[in-house]
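Quick note: the sequence shown, position 117, residue 121 per my numbering, numbers continuous.
What follows is a short report on a single structure.
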Amino acid sequence: MENEPRFFVSFSSKDLTYVSEIMAALKGQGLYFWDYSNIIESIEVGGVIQERLANEIDSCSHMIVVISENSTDKEIGRFCRFELEYALNRKSKDRPILIPVVIGKPGEQKKFEPPYDIFSSTLYHELDGTPESIVKFTIKVCKIIDKLYLPPIEAHPNLPFWQFFRKEVEEIAHSNKEHVDLMMTLGEFNEYFIQGNMQRAQFLINYFILTCEYKLPSYHPFYPWIVKAVCETELKNFDAAMNSYEEAKKIQPENQDAKGGMGTVYFQTGQFVKAAECFEYIIRNNKSEDVNNARINLIITKQVMASPISHEEEKFLFNVDINHYANDLKTAILHAQAVQYKIKKNYEALEKHCRFIMSKNLHDTITIRLLQGSFISRNMDYAAREVISQAIEEAKINTRLNIELLKSFN
Numbered sequence: 005m006e007n008e009p010r011f012f013v014s015f016s017s018k019d020l021t022y023v024s025e026i027m028a029a030l031k032g033q034g035l036y037f038w039d040y041s042n043i044i045e046s047i048e049v050g051g052v053i054q055e056r057l058a059n060e061i062d063s064c065s066h067m068i069v070v071i072s073e074n075s076t077d078k079e080i081g082r083f084c085r086f087e088l089e090y091a092l093n094r095k096s097k098d099r100p101i102l103i104p105v106v107i108g109k110p111g112e113q114k115k116f117e118p119p120y121d122i123f124s125s126t127l128y129h130e131l132d133g134t135p136e137s138i139v140k141f142t143i144k145v146c147k148i149i150d151k152l153y154l155p156p157i158e159a160h161p162n163l164p165f166w167q168f169f170r171k172e173v174e175e176i177a178h179s180n181k182e183h184v185d186l187m188m189t190l191g192e193f194n195e196y197f198i199q200g201n202m203q204r205a206q207f208l209i210n211y212f213i214l215t216c217e218y219k220l221p222s223y224h225p226f227y228p229w230i231v232k233a234v235c236e237t238e239l240k241n242f243d244a245a246m247n248s249y250e251e252a253k254k255i256q257p258e259n260q261d262a263k264g265g266m267g268t269v270y271f272q273t274g275q276f277v278k279a280a281e282c283f284e285y286i287i288r289n290n291k292s293e294d295v296n297n298a299r300i301n302l303i304i305t306k307q308v309m310a311s312p313i314s315h316e317e318e319k320f321l322f323n324v325d326i327n328h329y330a331n332d333l334k335t336a337i338l339h340a341q342a343v344q345y346k347i348k349k350n351y352e353a354l355e356k357h358c359r360f361i362m363s364k365n366l367h368d369t370i371t372i373r374l375l376q377g378s379f380i381s382r383n384m385d386y387a388a389r390e391v392i393s394q395a396i397e398e399a400k401i402n403t404r405l406n407i408e409l410l411k412s413f414n
């Protein structure tokens, strides 16, 4: 769109780790920027670098100037210096709005060499690699272009309902200070959740819920309670997780995400009959919704209980399209298929299936154990020992393989 802001990010390639976070933040808000770290948008071989940079700066409305030891270095940062000088030499009315971002430790004394000395008395943003600093940067950019900041709640294996979560967030997002602060909290939560720091993620989503109760009494959060429960389940705080699911059920009693989450807690605490009842309830009472997750969970639960699955369930299991799922759930589905081969005592098919899982790099310790079992059941003792030896060696570089558990299989 002609009036949409267009960003140019001036940075040293040696700072790409930090700049990748800036670009991800811009992308998360639906903002357009030229990314010459992306091979598709990179400068053509044989092209004049300064000429292409100048063209991109000419067409941008905002220029994010990343200032670091690398970008200010006379040799390493020569193109960074060219970019800033070119922008400054344009006529005032054509000059892009400059947004300085300093990489370094918060609060440390910064000394700016020319041409960066123009920022000596300017308010700049400090980026230190923490989720808080990247979220605050994103909010500042949104304020500059008068855009409502929305936390980029992203698809994740443990958030299969992420679209509904994001929709709920969008419905409460407004421009007043309280809502901006709440969105910032959710943005930080999202960053920590993706990093796998569940302790911090759980703290932030709990803070969000408590703040809403105090500042937005008319808003009754549903998915934040579900997400809180997911974090608590990951932290193996199962009683708290069940309480959070109960709170969510007060808002939407028939929602399958709450019931399915309770089933997951029951499963992880060994209460398989109760887990199966939860998944069966979802399948029985949600005829118009996608209940494939519940069907998969029910099949896995039945397998753990050594209860036979129906012909219809087996047909579903082997026909489900795993490409719609995250890798950990793909592995779980493939393992459930492998277990069916084991139950049917089709050990050759079991071996072939396990090798398929390994060929897709989706295997873990369970895969290896199932493959070993296919050999033991056919009296192939050498092959059974060999697969464990190979897996122990692989475990040195593959964190999905538990080396101590593998040794116990010998």
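Even glycine gets a Cβ: it sits at the ideal position worked out from N, Cα and C.
Just so we're clear, the structure is a prediction, and the values are computed from it rather than from any experiment.
The Cβ atoms of I303 and E316 lie no closer than 7 angstroms to each other.
Taking C-beta atoms under 8 angstroms as the contact rule, V173 and L152 fail to qualify, at a distance of about 11 angstroms. Just so you know, the alpha carbons of S222 and L154 end up roughly 20 angstroms apart. In this structure the segment 323 to 332 does not lie against the segment 348 to 360, because fewer than three pairs of beta carbons, one per stretch, are closer than 8 angstroms. Your pair S14 and I68 checks out as a contact, with CB atoms roughly 7 angstroms apart and the cut at 8 angstroms. Uninterrupted beta strand (DSSP E) stretches at least 3 residues long and entirely within the segment 186 to 245 do not occur. In the three-state reduction of the DSSP assignment, M27 falls in the helix class. Here I53 carries a helix assignment [DSSP, helix/strand/coil]. In this structure, E355 lies near S378, with their beta-carbon atoms less than 7 angstroms apart. Residue state for Y36 is assigned as strand, using DSSP reduced to three classes. Note that the segment 263 to 277 touches the segment 285 to 301; at least 3 beta-carbon pairs, one per stretch, sit closer than 8 angstroms.
In the DSSP assignment, I396 falls outside any beta strand (DSSP E) and lies within the alpha helix (DSSP H) extending over 385 to 398. For V105, the uninterrupted beta strand (DSSP E) segment begins and ends at 101 to 107. One thing to note: V277 has its Cβ no nearer than 7 angstroms to the Cβ of F242. Comparing alpha-carbon positions, the option among Y196, K114, Y90, R170 lying closest to S72 turns out to be K114. DSSP places I71 inside the beta strand (DSSP E), whose first and last residues are 66 to 71.
Closest option to S75, judged by alpha-carbon separation, among S24, E258, D19, Y36: D19. Judged by DSSP secondary structure, R94 falls outside any beta strand (DSSP E); it is assigned neither H nor E.
Buried is the label assigned to R170, since at least 16 other Cβ atoms lie within 10 Å of its Cβ. Between I176 and H224 a beta carbon distance of about 10 angstroms is seen, past the 8 angstroms cut, so the two are scored as non-contacting. Note on F322: under 16 other CB atoms within 10 angstroms of its CB, so exposed under the neighbour-count rule. When C-alpha distances from G108 are compared across E130, S363, A91, R99, the shortest belongs to E130. In the DSSP assignment, S14 falls within the beta strand (DSSP E) that extends over 10 to 14. A Cβ-Cβ distance of about 11 angstroms is found for the pair P118 and L92, leaving them out of contact under the 8 angstroms criterion.
Burial check for T335: the Cβ neighbour count within 10 Å reaches 16 or more, so the residue is buried. Within the segment 261 to 295, the alpha helix (DSSP H) runs of at least 4 residues that lie entirely inside it are, in chain order, 276 to 289. Counting along the chain, E130 sits inside the beta strand (DSSP E) bounded by residues 129 to 131. Annotation for T371: C358, I361 place their beta carbon closer than 6 angstroms to its own, counting only its chain and skipping 5 residues before and after. The closest CA to that of S248, considering only C64, E236, K291, is found on E236. From the listed residues E284, L127, Q307, F226, the smallest Cα separation to P257 is found for F226. Beta-carbon to beta-carbon, T305 and A342 are separated by about 16 angstroms, too far to satisfy the 8 angstroms threshold. DSSP, read as helix, strand or coil, puts H315 in helix. Restricting attention to G32, P312, D368, Y90, the CA atom closest to the CA of N331 is found in D368.
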